[in-house]
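Trainee: One structure follows; several queries about it will come next.
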Amino acid sequence: MRLLNTSTFELAFFADDDNVPEYAILSHTWAEEEVTFGSLCEDAAAAALPRAPRHLRGWDKLERSCAAARDLHMAYIWVDTCCIDKSSSAELSEAINSMFWWYQAATVCIAHLADVRALAGDEFEASRWFTRGWTLQELIAPSRLLFYGADWTVLGSRDSIKGRIAKATGLPEALLAHGVASGAGVHLDDFSVAQRMSWAASRVTTRPEDVAYCLLGIFDINMPLLYGEGRAKAFKRLQEEIIKSTEDESLYAWRCKTDSAQGRHFWGLLAESPAAFGNYGTLLPVQSKYLSRRSGRTVTVTNRGLRLDLPVAPFSNDASGSIFFAFLDCDVRREGSTATLVPSILLQRMSWDSDSDFVRIRPDILALSMMNHVVLPDEIPLKMGDGSGATSAPLAEPILRHIFVPHKCTKTPPPSGILFDPRLGEPVGLEIIPPLNRIKVISRSPTWQYFATPTSLNPDELYEINFNLVSVPDLDHLKEPMVFGVLELSIPRYEEQCCLVTGLEPADPNAFGTPALYFVPWCAFESRANVVDSTFEHVMDKTSRRGRQYFEFGKGLQLVASLGLDTKYSRLFYRLTLSITSAW
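In this note's numbering, the protein residues as written are 5 to 588.
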């Protein structure tokens with residue numbers, strides 16, 4: 005750590021933290037021609053240089069900060085402009101990762117507000133100092149902080165004007181009264197991740213990545229700096245490191261502005277900047293007062309997204325069956341109130357066959373519920389109701405699921421095709437006389453390919469619709485059900501025949517109008533006469549198709565068709581299967 009001698013203006017280096025003397029530390033906003041490490045070293049080596057630091061505009065600030073430190077009986081001061089060799093990326097990274105601790109360990113922090121002449125009026129609250137990202141940790145880390153005006157007169161201490169600071173920053177007065185270095189019982193961990201993020205929501209930095217890097221100390225995080233990665237990637241890395249160090253799910257309780265959410269349907273669980281935590285109004289996510297679920301849950305951070313356990317409940321009155329609430333383990337309440345609300349975010353299922361793959365939608369909505377009733381925002385109860393204005397039904401009890409949410413939603417290609425094996429599944433609880441273990445395929449549409457092993461005593465038969473050979477529209481262009489194949493079946497010994505039609509269709513529209521993320525496969529029985537006439541109206545219509553997954557054929561038995569997923573040739577296929585159940 006380097007310190008500046010307040011009398012000689014010489015830099016001193018202290019390799020061992022235990023040997024660092026008492027020091028003051030400067031908090032300020034950068035201006036033109038600051039005195040840097042390089043210029044200060046040049047001045048010491050060659051005082052005759054025409055651009056010596058004493059001629060830089062920033063020299064007056066450096067000289068006056070040293071004078072203020074001397075008045076406080078400090079022989080040394082740390083100033084970020086000249087105590088860090090920014091030409092060394094390793095030193096810069098070490099300094100930024102250590103900076104919160106350096107401010108915390110300082111005897112006194114001198115905060116210079118260059119645009120404030122006096123406390124009277126609103127100049128203080130409007131100071132540029134309160135808008136900068138780096139000054140957040142400089143405000144709360146020191147045990148003692150003194151504010152100086154433009155002419156370097158003392159405006160007051162953090163404790164003496166904490167009410168005005170709270171008004172300007174939104175920080176709690178309890179935190180401002182002592183900071184986090186005094187050991188007075190206030191600790192940053194007493195505040196939820198979302199609450200700490202909200203303190204930085206409206207702050208800005210010159211370099212985009214510093215939006216994340218200036219918060220490292222606020223969350224007790226150390227991570228490498230990658231200037232050039234951009235704001236969103238840097239902030240994502242910060243959140244991933246936070247996940248590794250806490251179980252606080254308020255990290256996912258961000259809410260962006262409506263205009264920011266428009267034009268983009270699908271989102272991950274992580275916010276793109278602290279600004280997403282600044283739209284709470286008077287309702288703020290705080291740490292849950294009571295244990296709501298067992299602790300020790302792990303979140304797996306991958307390069308693609310997050311795997312975690314969240315309680316999930318379906319969104320009622322959603323025809324698609326793809327929209328869910330995911331409830332977060334934190335509370336939302338107004339300051340000073342004991343009434344708590346439970347926050348949840350909206351997820352959309354990504355896969356037809358999976359209840360574990362989701363993506364976030366409508367990040368401008370943070371649903372708040374009480375006693376399994378969503379009370380805010382008003383849009384949610386209205387969408388969950390029947391359209392009559394009546395109060396929506398209570399939510400189903402959430403079920404804890406292990407889910408995966410990707411950082412970025414990409415279109416999932418459909419399976420490779422549809423497979424059909426004429427062998428029947430074992431009947432459960434039924435005695436079928438004569439025994440029946442196979443359905444005979446009499447004929448098939450050209451889309452069904454046939455594969456068999458005829459030399460075997462009990463040949464394996466497989467029918468396949470290969471989507472490489474059949475024109476399958478893009479997900480965005482499939483607007484109505486399509487027929488992909490027909491099988492004419494015979495039930496041996498029962499002299500019954502039927503036709504089984506299969507195809508794909510779009511998912512029903514959901515309550516929020518976001519695009520579907522998967523095809524829906526369907527199958528239904530149809531009469532041979534309708535198939536010959538290419539009359540598929542009954543099976544193409546979802547309403548009239550209901551019940552046509554069953555074909556009754558004597559003695560109280562029925563043939564049941566169902567669809568699932570299976571692998572063949574190391575590829576994923578829809579699997580069409582038949583089984584026999586009782587019709588009674």
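Beta carbons are placed, not taken as given, at the ideal position from N, Cα and C, and that holds for glycine.
In this text, all values refer to a predicted model and were calculated from it rather than measured experimentally.
Taking the alpha-carbon of L404 as reference, which of A118, H377, L312, L370 has the nearest alpha-carbon?
Mentor: For L404, the nearest C-alpha among the options comes from L312.
Trainee: Mind pulling the alpha helix (DSSP H) runs of 4 or more residues that sit fully within the segment 84-129?
Mentor: Those alpha helix (DSSP H) runs which fall completely within the segment 84-129 and span 4+ residues are 84-87, 93-109.
Trainee: Any chance the segment 557-572 sits against the segment 483-502, with 3 or more Cβ pairs inside 8 Å?
Mentor: Contact between the segment 557-572 and the segment 483-502 is present, because at least three Cβ pairs lie under 8 Å.
Trainee: Quick one: what's got a C-beta closer than 6 Å to A49's C-beta in the same chain, skipping five residues either side?
Mentor: In this predicted model, A49 has a pLDDT of only 48, less than 50, meaning its place in the structure is not dependable enough to derive any value.
Trainee: Look at G489 and W526 and say whether their C-beta atoms are less than 8 Å apart.
Mentor: Contact flag unset, no.
Trainee: Look at S409 and L310 and say whether their C-beta atoms are less than 8 Å apart.
Mentor: Inspection of the sequence shows that residue 409 is occupied by Val rather than by Ser. Against a cut-off of 8 Å, the Cβ pair of L310 and V409 comes out as a contact.
Trainee: Does the segment 248-256 come into contact with the segment 122-134, if we say contact requires no fewer than three beta-carbon pairs (one atom in each stretch) closer than 8 Å?
Mentor: The segment 248-256 is not in contact with the segment 122-134.
Trainee: Looking only at its own chain, which residues have a Cβ that is under 6 Å from the Cβ of F589, when we skip the five neighbours before and after it?
Mentor: Outside the displayed range of the chain (5 to 588) lies residue 589, so it cannot be described from this structure.
Trainee: With distance defined between alpha-carbon atoms, name the residue in W105, L76, W63 nearest to T85.
Mentor: When each option's Cα is compared against that of T85, the closest is W63.
Trainee: By how many angstroms is the C-alpha of D425 removed from the C-alpha of L580?
Mentor: Each residue's alpha carbon lies about 7 Å from the other.
Trainee: Taking 8 Å as the limit between beta carbons, can you name the residues of its chain near G2, skipping five residues before and five after?
Mentor: Because the chain in this structure spans residues 5 to 588, residue 2 falls outside the shown range and cannot be described.
Trainee: Could you check how far apart the C-beta atoms of A154 and D119 are, in whole angstroms? I think they sit under 8 Å.
Mentor: Indeed, because the Cβ distance is near 7 Å, the residues count as touching under 8 Å.
Trainee: Would you list the one or two residues that DSSP bridges to C503?
Mentor: For C503, which the question treats as bridged, DSSP gives the partners E492, E530.
Trainee: So, at 6 Å on beta carbons, what are the nonlocal neighbours of V378 in its own chain, with the 5 sequence-adjacent residues on each side left out?
Mentor: The residues are A371, I384, P385.
Trainee: Which residue marks the beginning of the alpha helix (DSSP H) containing S74, and which one marks its end?
Mentor: Looking at the sequence provided, one finds Arg at residue 74 rather than Ser. From DSSP, the alpha helix (DSSP H) with R74 extends over 63-75.
Trainee: Determine the DSSP secondary structure at F557, reduced to helix, strand or coil.
Mentor: Correct three-state label for F557: coil.
Trainee: By a C-beta neighbour count over all protein chains shown, 10 Å radius and 16 as the cutoff for buried, is R427 buried or exposed?
Mentor: When all chains shown are included, R427 counts as exposed.
Trainee: As a quick exercise: from V83, S574, E142, pick the residue whose alpha carbon is nearest that of F104.
Mentor: Of the candidates V83, S574, E142, the one whose C-alpha sits nearest the C-alpha of F104 is E142.
Trainee: Evaluate the contact criterion for the segment 321-335 versus the segment 508-522: three or more CB pairs, one atom per stretch, below 8 Å.
Mentor: Yes, the segment 321-335 touches the segment 508-522.
Trainee: Whose C-beta lies closer than 7 Å to the C-beta of A52 among residues of the same chain, with five residues either side of it excluded?
Mentor: Because A52 sits at a pLDDT of 43, beneath the cut-off of 50, its placement in the model cannot be relied upon, and the point is left open.
Trainee: Taking contact to mean 3 or more Cβ pairs, one atom from each stretch, closer than 8 Å, check whether the segment 130-148 and the segment 8-24 are in contact.
Mentor: The answer is no - the segment 8-24 does not touch the segment 130-148, with fewer than three Cβ pairs under 8 Å.
Trainee: What residues are listed by DSSP as bridge partners for Q562?
Mentor: Paired residues: E556, T585.
Trainee: Rounded to a whole number of angstroms, what is the C-alpha to C-alpha distance between I222 and L140?
Mentor: So the two alpha carbons sit approximately 9 Å from each other.
Trainee: Go ahead and pull the three-state DSSP assignment for A52.
Mentor: Confidence at A52 is low in this model, with a pLDDT of 43, below 50, so its placement is unreliable and no value can be given for it.
Trainee: Give the list of continuous beta strand (DSSP E) stretches no shorter than 3 residues that lie fully inside the segment 303-341.
Mentor: Qualifying beta strand (DSSP E) stretches, in chain order: 309-318, 327-331, 335-338.
Trainee: Please confirm if M227 has its CB atom under 8 Å from at least one CB of chain B.
Mentor: Going by chain labels, chain B is absent from the structure shown, which holds only one protein chain.
Trainee: Name the DSSP beta bridge partners of W271, please?
Mentor: Answer by DSSP bridge pairing, in chain order: R364.
Trainee: Which same chain residues end up closer than 6 Å to Y522 when comparing Cβ atoms and leaving out the 5 residues on each side of it in sequence?
Mentor: Here the set comprises S355, W356.
Trainee: Who are the near neighbours of I369 in its chain, counting only those whose CB is closer than 8 Å to its CB and skipping five residues on each side?
Mentor: Excluding sequence neighbours, I369 sits near R259, I349, L350, P381, E383, I384.
Trainee: Can you tell me which of the three DSSP states K240 falls into?
Mentor: Residue state, collapsed to three classes: helix.
Trainee: Do L479 and I407 have their C-beta atoms closer together than 8 Å?
Mentor: For L479 and I407, no; Cβs fall outside 8 Å.
Trainee: Let me confirm a value: W588 is counted as buried when at least 16 other C-beta atoms fall within 10 Å, else exposed. Which label applies?
Mentor: W588 is exposed by the Cβ-count criterion.
Trainee: Would W82 and L30 qualify as a contact pair, given that the criterion is a beta-carbon distance under 8 Å?
Mentor: Yes; because the gap between Cβ atoms is below 8 Å, this pair is in contact.
Trainee: Check this for me: beta carbons of F529 and L567, under 8 Å apart or not?
Mentor: Contact flag unset, no.
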